[in-house]
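Here the structure is laid out as structure tokens; the discussion comes afterwards.
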Amino acid sequence: MSALWTSGMAALATSGTCVGVWEINGISIDTRSLQPGDLFVPLKDIRDGHDFIPVAYEKGAGAVLSEYAIHDAPALIVKDTLGALCDLAVAARLRSQAKRIAVTGSVGKTSVKEMLAHVFRRCGLTHASQKSFNNHWGVPLTLATMPEETQFGVFEMGMNHKGELLDLTAIVRPNIAIITKVAPAHLAHFEDLSAIASAKAEILEGLSADGVAVLPRDSEFYTYFKKRAKKILSFGWHEDADARIVDIQHNARGSLSTLVVCGQKITLELPMVGEHWVENAACVLLSAKAAGIGVVKCANALKKMGAIKGRGEIHTLNVDGKSITLIDESYNANPESMGSAIAALGLFQGRTIAVLGDMLELGADEKKLHEDLYTDLQKADIHQVLCCGSRMKALDKKLSKTMAAGWFEGVETCLIELKKILRDQDTIMVKGSNASRMSVLVASLIAQEDKDK
Numbered sequence: 222m223s224a225l226w227t228s229g230m231a232a233l234a235t236s237g238t239c240v241g242v243w244e245i246n247g248i249s250i251d252t253r254s255l256q257p258g259d260l261f262v263p264l265k266d267i268r269d270g271h272d273f274i275p276v277a278y279e280k281g282a283g284a285v286l287s288e289y290a291i292h293d294a295p296a297l298i299v300k301d302t303l304g305a306l307c308d309l310a311v312a313a314r315l316r317s318q319a320k321r322i323a324v325t326g327s328v329g330k331t332s333v334k335e336m337l338a339h340v341f342r343r344c345g346l347t348h349a350s351q352k353s354f355n356n357h358w359g360v361p362l363t364l365a366t367m368p369e370e371t372q373f374g375v376f377e378m379g380m381n382h383k384g385e386l387l388d389l390t391a392i393v394r395p396n397i398a399i400i401t402k403v404a405p406a407h408l409a410h411f412e413d414l415s416a417i418a419s420a421k422a423e424i425l426e427g428l429s430a431d432g433v434a435v436l437p438r439d440s441e442f443y444t445y446f447k448k449r450a451k452k453i454l455s456f457g458w459h460e461d462a463d464a465r466i467v468d469i470q471h472n473a474r475g476s477l478s479t480l481v482v483c484g485q486k487i488t489l490e491l492p493m494v495g496e497h498w499v500e501n502a503a504c505v506l507l508s509a510k511a512a513g514i515g516v517v518k519c520a521n522a523l524k525k526m527g528a529i530k531g532r533g534e535i536h537t538l539n540v541d542g543k544s545i546t547l548i549d550e551s552y553n554a555n556p557e558s559m560g561s562a563i564a565a566l567g568l569f570q571g572r573t574i575a576v577l578g579d580m581l582e583l584g585a586d587e588k589k590l591h592e593d594l595y596t597d598l599q600k601a602d603i604h605q606v607l608c609c610g611s612r613m614k615a616l617d618k619k620l621s622k623t624m625a626a627g628w629f630e631g632v633e634t635c636l637i638e639l640k641k642i643l644r645d646q647d648t649i650m651v652k653g654s655n656a657s658r659m660s661v662l663v664a665s666l667i668a669q670e671d672k673d674k
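Numbering of the sequence shown is given in our numbering, commencing with residue 222 and proceeding in unit increments.
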């Protein structure tokens, strides 16, 4: 395989000045994960990444970008390292024939990105965002590392302020732009849901001339989105949706659903639990079809998809001699995704326990949005609820005496109480915003299983 970037190509793309002649096969912004032969891009954040250039060379960097003079090692001197990374991203797009698919939304964007990547990898060389690299450096980093021969590129785009998606979509210029859903998230930075919808719609501004917008037909903002793109496809339950969900049969290990995709009726089997996964799949089926992938081929690929860490991943564990089912939803949370996870928990037989951590960035309605989860818990008939974190105290006060299992300031004390109340055959779902550290609780339970073996 040819080099990802040569010194000459990189200099041309960035208008930078080369030091030495070099080739690199990857790009890194973090010396902790840098691989030998990578181009190190020092960015300025809490610390100036330039401080780590010596470490990058020690770890075998093939070259470094730098805003400061380097005379005795492979480098590319540029005016602005983040700007140069964006220049490399645009150059990577222009040299490739890859179909570019961009995904945004208040919920589901990482899951849809992973599902699309899973499908596309069975159809051709695919390049996709790692983890949730979806911000002002993650998107250009993903595109800049896309090999020229790539056939499908999948890019997750996140935002928490107006204008952010305009910059990202201009870099990627997607052939297919997806909005999964608009829901209460990052409300601390937006006046209301309409403001969030307006910011999400920015992704459509970057569509290529023949680009397709894939939109949520059930959304109250569908008409608003529709006015902002020329070619429209929609998914959801609505009778006019191009990918329409007809019915779903749930079980504790997944679902069997019927959909009609552009007039073609299919049966879809998913190994993930919950209605929200079928909605994600409807979006994926439609987007893959827009990219030239057959609906049946896509459905067959989704049937074989593995779990996504922190997003509904199911573990069967033995903790202190008790066999339990653990649903790991610990990656992140907002009211919409929390409601979906609670509904999925309610599909399981036996006693169900929800362990819920704080939801962040919800603005003035934060207290009410936490309290409102009680309605979701009642509807799903959840048996016990442990609340963790200062914001979750509002929900704990709202819970019935039979449902409430305690409020805890941190995950450590919450875990101790959870283990006390566990019974054989319980099903536990753990969810909260990243900063609530619910992933620590999940890891502790899994480690307990390993220790007991």
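Yeah, the Cβ is synthetic: ideal placement off N, Cα and C, and Gly gets one too.
- Of all alpha-carbon atoms in V505, E369 and G329, the one lying nearest the alpha-carbon of H348 is that of E369.
- In the structure shown, W243 adopts coil according to DSSP, grouped into three states.
- Judged by DSSP secondary structure, F341 falls within the alpha helix (DSSP H) whose first and last residues are K330 to F341.
- For W498, the enclosing alpha helix (DSSP H) covers residues E496 to A511.
- Taken atom to atom, the span from the alpha-carbon of E490 to that of K524 is near 5 Å.
- The C-beta of R658 has 16 or more other C-beta atoms within 10 Å across all chains shown, which makes the residue buried.
- Under the rule that a run must span 3 or more residues, the beta strand (DSSP E) segments found entirely inside the segment 521-559 read 534-540 and 543-550.
- Non-local beta-carbon contacts of H357 in its own chain, meaning distances under 8 Å to residues more than five positions away in sequence, involve L303, E385, D388 and L389 in chain order.
- Taking C-alpha positions only, M230 is separated from W243 by approximately 10 Å.
- For R321, the enclosing beta strand (DSSP E) stretches over residues K320 to T325.
- The three-state secondary structure of E288, taken from DSSP, is coil.
- Distance from the CA atom of G515 to the CA atom of E500, rounded to whole angstroms, is 18 Å.
- A Cβ-Cβ separation of about 10 Å leaves A323 out of contact with V435 under the 8 Å criterion.
- Annotated three-state conformation of P361 is helix, per DSSP.
- Around the Cβ of I397, a 10 Å sphere holds 16 or more other Cβ atoms; the residue is buried.
- For C609 and S476, the gap between their C-alpha atoms comes out near 30 Å.
- Only residues of its own chain outside the window of five on either side were considered, and among them L607, A626, G627 and F629 have a CB closer than 8 Å to the CB of E638, listed in chain order.
- Looking at the DSSP output, M650 shares a beta bridge with I548 and A575.
- K600 and P556 have their C-alpha atoms spaced approximately 15 Å apart.
- Distance from L364 to R314 at the Cβ level is roughly 6 Å; contact confirmed, criterion being Cβ atoms closer than 8 Å.
- Counting along the chain, the unbroken alpha helix (DSSP H) around T390 starts and ends at E385 to V393.
- Between the segment 369-383 and the segment 333-349 there are three or more inter-stretch CB-CB distances shorter than 8 Å, so the stretches are counted as touching.
- By the criterion of a C-beta distance shorter than 8 Å, S223 is surrounded in its chain by E369, once the five residues flanking it on both sides are discounted.
- For the segment 401-483, the full-length beta strand (DSSP E) segments reaching 3 residues or more read 433-437, 452-457, 464-472 and 475-482 along the chain.
- Counted as a single uninterrupted DSSP element, the alpha helix (DSSP H) harbouring Q599 occupies residues L594 to K600.
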